[in-house]
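Residue numbers (this note's numbering), protein chains in the order written: chain S, 1 to 118; chain Y, 1 to 190.
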């Protein structure tokens, strides 16, 4: 096959016509997508929950012990990176587990709220 | 004229007049369906692919900054959609050799009509390795404009040229080898 034959074949391609309903079909999908409104994040209930949780923690534990615990947590985490030890590792893992559990709880609660707002 | 209308319609859609997108669809449905057809060689599927492309264009309309021509941008977005569509659901025939075997099973390559042979070659383009396939399809679709082809493919002109050369070479080799094999087989079994 000569190069010019290949050029001719590739250049001369039959044109196809879209179906008469094509434009309408596309616009139906476009309108549907445009009318979709994202669910707003429930900031007010979320803030209320955080506030309640904070009050609960402060009520259960005196403020200075919470601060001390936070200090210990930060100190052990930093310390573990400098000089890892088993106790520090246990504390870090415990803190990570607690954070994860709290995050999952909040995610679950947010999804419940979002579901209720649909 | 069309470029100005496109920009105006994009502006209107971004300001909330969704129905203006209908003008864009009407103006570009033909090229996008035809470009999709060159990738999949299936009329119904080409419409589905073009519809997905329009949805993607609608979603990304605000990313069109007007630096490139609207046509270049619209084809570039569509090309990505078509590539993904073909990744998700590949063509029924997997390689050029399979395609030729299938065709030879019906009519020997050398005996088929010119028109059918041309169609077979166009189908073979869709089965080339992706980069060569894209380069050849876009280049001939955009009337052999190398600068625009490179812009749509988002590569340099040199790269686009190299892909085109390699793709055409590969296609010619496959087809020549096939016609030689068919001719030899014909001589053995007259």
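Glycine included, each C-beta is placed from N, C-alpha and C at the ideal position.
For residue 95 of chain Y, which of helix, strand or coil comes out of DSSP? Counted from its first residue, the second chain places residue 95 of chain Y at position 95. Reduced to three states, the DSSP call for residue 95 of chain Y is coil.
Quick one: give me the first and last residue of the alpha helix (DSSP H) that residue 52 of chain Y is part of. To locate residue 52 of chain Y, count along the second chain from 1; it is residue 52. For residue 52 of chain Y, the uninterrupted alpha helix (DSSP H) run begins and ends at 43-59, by DSSP.
Cβ-based burial, residue 4 of chain Y [other Cβ within 10 Å; buried from 16]: Taking the first residue of the second chain as position 1, residue 4 of chain Y is located at position 4. With fewer than 16 other Cβ atoms from the protein chains shown falling within 10 Å of its own Cβ, residue 4 of chain Y counts as exposed.
Under a Cβ-count criterion, where at least 16 other Cβ atoms within 10 Å of its own Cβ denotes burial, should residue 122 of chain Y be classed as buried or exposed? Locating residue 122 of chain Y in the second chain gives position 122, counting from the first residue. Residue 122 of chain Y comes out buried.
Could you tell me whether the Cβ atoms of residue 21 of chain Y and residue 33 of chain Y are closer together than 7 angstroms? Within the second chain, numbered from 1, the residue matching residue 21 of chain Y stands at position 21. Within the second chain, numbered from 1, the residue matching residue 33 of chain Y stands at position 33. Inclusion of residue 21 of chain Y and residue 33 of chain Y in the CB contact set at 7 angstroms is not warranted, their separation being larger than that value.
For residue 134 of chain Y, which of Y:69, Y:120, Y:168 has the nearest alpha-carbon? The count along the second chain starts at 1 and reaches residue 134 of chain Y at position 134. Answer by Cα proximity: Y:168.
State buried or exposed for residue 143 of chain Y, treating a residue as buried only when at least 16 other CB atoms are found within 10 Å of its CB. To locate residue 143 of chain Y, count along the second chain from 1; it is residue 143. Residue 143 of chain Y is exposed by the Cβ-count criterion.
Is it true that the stretch 77-91 of chain S meets the stretch 8-28 of chain S, where meeting means three or more beta-carbon pairs spaced less than 8 angstroms apart? Contact between the stretch 77-91 of chain S and the stretch 8-28 of chain S is not established, with fewer than three Cβ pairs separated by less than 8 angstroms.
Reference residue 75 of chain S; option with closest CA among S:62, S:63, S:89: Residue numbering aside, residue 75 of chain S sits at position 75 when the first chain is read from its first letter. Closest option to residue 75 of chain S, Cα to Cα, is S:89.
Does any residue of chain Y have a CB that is nearer than 7 angstroms to the CB of residue 18 of chain S? Reading the first chain from its first residue, position 18 is the one you call residue 18 of chain S. Output row for residue 18 of chain S: interface = yes.
What is the DSSP secondary structure of residue 65 of chain Y, reduced to helix, strand or coil? By one-based count along the second chain, residue 65 of chain Y stands at place 65. Annotated three-state conformation of residue 65 of chain Y is coil, per DSSP.
Hey, is residue 190 of chain Y's beta-carbon within less than 7 angstroms of any beta-carbon in chain S? For this step, residue 190 of chain Y is matched to residue 190 along the second chain. Low confidence applies here, because residue 190 of chain Y scores a pLDDT of 47, under 50, leaving its location unreliable and the question unanswered by this model.
Could you check what DSSP says for residue 15 of chain S in three-state terms: helix, strand or coil? On the first chain, position 15 is the one that residue 15 of chain S refers to. Here residue 15 of chain S sits in coil by DSSP.
Between the stretch 26-46 of chain S and the stretch 137-152 of chain Y, can you find at least three pairs of beta-carbon atoms closer than 8 angstroms? Touching, no, given that fewer than three Cβ pairs across the two stretches are closer than 8 angstroms.
What three-state label does DSSP hand residue 15 of chain Y in the structure shown? In the second chain, residue 15 of chain Y corresponds to position 15, counting from 1. In this structure, residue 15 of chain Y counts as coil in the three-state DSSP scheme.
Taking the alpha helix (DSSP H) that residue 142 of chain Y belongs to, which residues open and close that run? Counted from its first residue, the second chain places residue 142 of chain Y at position 142. Counting along the chain, residue 142 of chain Y sits inside no alpha helix (DSSP H), nor does DSSP assign it H or E at all.
Specify the secondary structure class of residue 149 of chain Y as computed by DSSP and reduced to three states. Walking along the second chain from the start, residue 149 of chain Y turns up at place 149. In this structure, DSSP gives residue 149 of chain Y a helical state, which the three-state scheme calls helix.
Would residue 30 of chain S pass as a contact of residue 64 of chain Y if the rule is Cβ separation under 7 angstroms? Here the question's residue 30 of chain S lines up with position 30 in the first chain. Here the question's residue 64 of chain Y lines up with position 64 in the second chain. Cβ distance not < 7 angstroms, so residue 30 of chain S and residue 64 of chain Y don't count as in contact.
Collapsed DSSP secondary structure at residue 41 of chain S in the structure displayed: In the first chain, counting from the first residue as 1, residue 41 of chain S sits at position 41. Three-state result, residue 41 of chain S: coil.
What is the C-beta distance between residue 81 of chain Y and residue 44 of chain Y, in whole angstroms, given that I count them as a contact (C-beta under 8 angstroms)? Working through the second chain from its first residue, we reach residue 81 of chain Y at position 81. Working through the second chain from its first residue, we reach residue 44 of chain Y at position 44. Contact between residue 81 of chain Y and residue 44 of chain Y is ruled out by a C-beta separation of about 16 angstroms, above the 8 angstroms threshold.
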